[in-house]
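One line per chain: the protein sequences are A and B, in this order. Each residue of the first sequence is one higher than the last, beginning at 1 in this note's numbering. Each residue of the second sequence is one higher than the last, beginning at 1001 in this note's numbering. All C-beta atoms in this analysis are idealised placements derived from N, C-alpha and C, irrespective of residue type, glycine included. Have a look at the structure below before the remarks.
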Amino acid sequence: GAVVSQHPSWVICKSGTSVKIECRSLDFQATTMFWYRQFPKQSLMLMATSNEGSKATYEQGVEKDKFLINHASLTLSTLTVTSAHPEDSSFYICSASEASGSYEQFFGPGTRLTVL
Amino acid sequence: AQKVTQAQTEISVVEKEDVTLDCVYETRDTTYYLFWYKQPPSGELVFLIRRNSFDEQNEISGRYSWNFQKSTSSFNFTITASQVVDSAVYFCALSSNSGYALNFGKGTSLLVTP
């Protein structure tokens, strides 16, 4: 099946710094990528939908100036958490939807962010 | 609006027992997709099944089986002869269409003890 990678798999940063998380579709082109956030012992919540070459669409309650999303190519989307704070500590998971065929979604392995 | 309800927060069974995880959904769409994912402690989501709204056939894959009933808006998941390795959080999810964002239930944490 199709593979989606995320980098880094985990990151620890100081409060106030910015962190970039990459999501790549390795063997297919993805017109659409999704970013989810999962707090401990909770469900996955959609943060934003990212379409290649256009601005991301953010879910209600997600600050677009804090969570910058760039989908510059059909295989790469990045999520930058700006001025991170301890409450941003979470598990961030991306998924990518194929540009053709079944439009099936494939999930990345996730990135665990800890803000000190 | 879409909604997925997994009423069972935690389930604990002894190895070799059968266990059913419930999933009830709400949607106004006539076309939709239902999913089950397994999330082990590592965190990575493991895809188990996708079912579209037009296919009500039950599915069996090894020890796993799924019962889709549109009449009750349910998509239940049964593990037969459970094993310790089945211990994980299981999520049921719904999307309006293939390739659309998924709306996840709150998950059911399954613990299988020897």
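If you draw a straight line from the C-alpha of A/Leu74 to the C-alpha of A/Phe106, how long is it? Position 74 of the first sequence holds residue 74 of chain A. Position 106 of the first sequence holds residue 106 of chain A. Cα-Cα distance, rounded: 14 Å.
In its own chain, which residues sit with a C-beta less than 6 Å from the C-beta of A/Pro109, not counting the 5 before and 5 after it? Translated into positions along the first sequence, residue 109 of chain A becomes position 109. Beyond the five residues adjoining it in sequence on each side, A/Pro109 comes within less than 6 Å, by CB distance, of Gln6 in the same chain, given in chain order.
Looking at the ligand NAP, does it come within less than 8 Å of A/Thr57, judged from the CB to the closest heavy atom? Absence of the ligand NAP from the depicted structure is noted, as is the absence of any ligand whatsoever, leaving it without description.
Would you say A/Ser54 lies against chain B (beta-carbon separation less than 9 Å)? Here residue 54 of chain A refers to the residue found at position 54 when the first sequence is read from its first residue. No, no contact with chain B.
Looking at A/Ser43: is its Cβ nearer than 9 Å to the Cβ of B/Gly1107? Counted from its first residue, the first sequence places residue 43 of chain A at position 43. Counted from its first residue, the second sequence places residue 1107 of chain B at position 107. For A/Ser43 and B/Gly1107, yes; Cβs fall inside 9 Å.
For a quick check, are the C-beta atoms of A/Ala84 and A/Ser15 less than 9 Å apart? The residue labelled residue 84 of chain A in the question sits at position 84 within the first sequence. The residue labelled residue 15 of chain A in the question sits at position 15 within the first sequence. Result yes, Cβ atoms of A/Ala84 and A/Ser15 sit closer than 9 Å.
On the CB-based measure, 16 or more other CB atoms within 10 Å of its CB, does A/Asp65 come out buried or exposed? By 1-based counting over the first sequence, the position of residue 65 of chain A is 65. With fewer than 16 Cβ atoms within 10 Å of its Cβ, A/Asp65 is classed as exposed.
So for B/Thr1080, helix, strand or coil by DSSP? Stepping through the second sequence from its first residue, residue 1080 of chain B is reached at position 80. In the displayed model, B/Thr1080 falls within coil according to three-state DSSP, outside both helix and strand.
Compile a chain-ordered list of the residues in the region 1039-1055 of chain B whose CB is closer than 7 Å to at least one CB of chain A. Near chain A, meaning a CB-to-CB distance below 7 Å, the residues of the region 1039-1055 of chain B are Gly1043, Glu1044 and Leu1045.
Going by CA-CA distance only, name the one from B/Phe1077, B/Ser1053 and B/Gln1069 that's closest to B/Leu1021. Mapped onto the second sequence, residue 1021 of chain B falls at position 21. Of the candidates B/Phe1077, B/Ser1053 and B/Gln1069, the one whose C-alpha sits nearest the C-alpha of B/Leu1021 is B/Phe1077.
Kindly list the residues whose CB is nearer than 6 Å to the CB of B/Lys1010, restricted to its own chain and excluding five residues on each side of it in sequence; keep chain order. Residue 1010 of chain B sits at position 10 when you count from the first residue of the second sequence. It should be noted that the sequence gives Glu, not Lys, for residue 1010 of chain B. If we look at B/Glu1010 and ignore the five residues flanking it on each side, its Cβ neighbours are Ser1109.
Does any residue of chain A have a CB that is nearer than 9 Å to the CB of B/Ala1101? Taking the first residue of the second sequence as position 1, residue 1101 of chain B is located at position 101. By this cut-off, B/Ala1101 is an interface position.
Cβ-based contacts, 7 Å cut-off: residues of the region 19-45 of chain A near chain B: Listed by position, the residues of the region 19-45 of chain A near chain B (Cβ gap below 7 Å) are Thr32, Phe34, Ser43 and Leu44.
I'd like to know if B/Tyr1037 contacts chain A, where contact means its C-beta is closer than 9 Å to some C-beta of that chain. For the purposes of this step, residue 1037 of chain B is identified with residue 37 of the second sequence, where counting begins at 1. At least one chain A Cβ lies under 9 Å of B/Tyr1037.
What do you reckon, are the CB atoms on B/Tyr1100 and B/Gln1039 nearer than 9 Å? The residue you call residue 1100 of chain B lines up with position 100 of the second sequence. The residue you call residue 1039 of chain B lines up with position 39 of the second sequence. No. Outside cutoff.
Separation of B/Val1024 from B/Trp1066, as counted between CA atoms: As a working note, residue 1066 of chain B is residue 66 in the second sequence. As a working note, residue 1024 of chain B is residue 24 in the second sequence. Inter-residue distance for B/Trp1066 and B/Val1024 is about 13 Å (C-alpha atoms, whole angstroms).
Status (buried if at least 16 other CB within 10 Å, exposed otherwise) for B/Gly1105: The sequence position of residue 1105 of chain B within the second sequence is 105, counting from 1. That one is buried.
A/Met33 beta carbon less than 9 Å from that of A/Ser97: Here residue 97 of chain A corresponds to residue number 97 of the first sequence, with the count starting at 1. Here residue 33 of chain A corresponds to residue number 33 of the first sequence, with the count starting at 1. In contact: A/Ser97 and A/Met33 (Cβ atoms closer than 9 Å).
Under 9 Å, CB to CB, which of the residues in the region 81-115 of chain A have a partner in chain B? So the close ones are Phe91, Ile93, Ser95, Ser97, Glu98, Ser102, Tyr103, Glu104, Gln105, Phe106, Phe107, Gly108, Pro109, Gly110 and Arg112.
Spatial distance of B/Ala1007 from A/Arg112 (CA atoms): Residue mapping note: residue 1007 of chain B aligns to position 7 of the second sequence, counting from 1. Residue mapping note: residue 112 of chain A aligns to position 112 of the first sequence, counting from 1. Taking the CA atoms as reference points, B/Ala1007 sits about 27 Å from A/Arg112.
B/Gln1057 vs B/Phe1068 beta-carbon contact at 9 Å: Working through the second sequence from its first residue, we reach residue 1057 of chain B at position 57. Working through the second sequence from its first residue, we reach residue 1068 of chain B at position 68. In contact: B/Gln1057 and B/Phe1068 (Cβ atoms closer than 9 Å).
Please return the same chain residues whose Cβ sits closer than 8 Å to the Cβ of A/Leu26, not counting the five positions on each side in sequence. As a working note, residue 26 of chain A is residue 26 in the first sequence. Result list for A/Leu26: Ala2, Val3, Val4, Ser5 and Thr75, in chain order.
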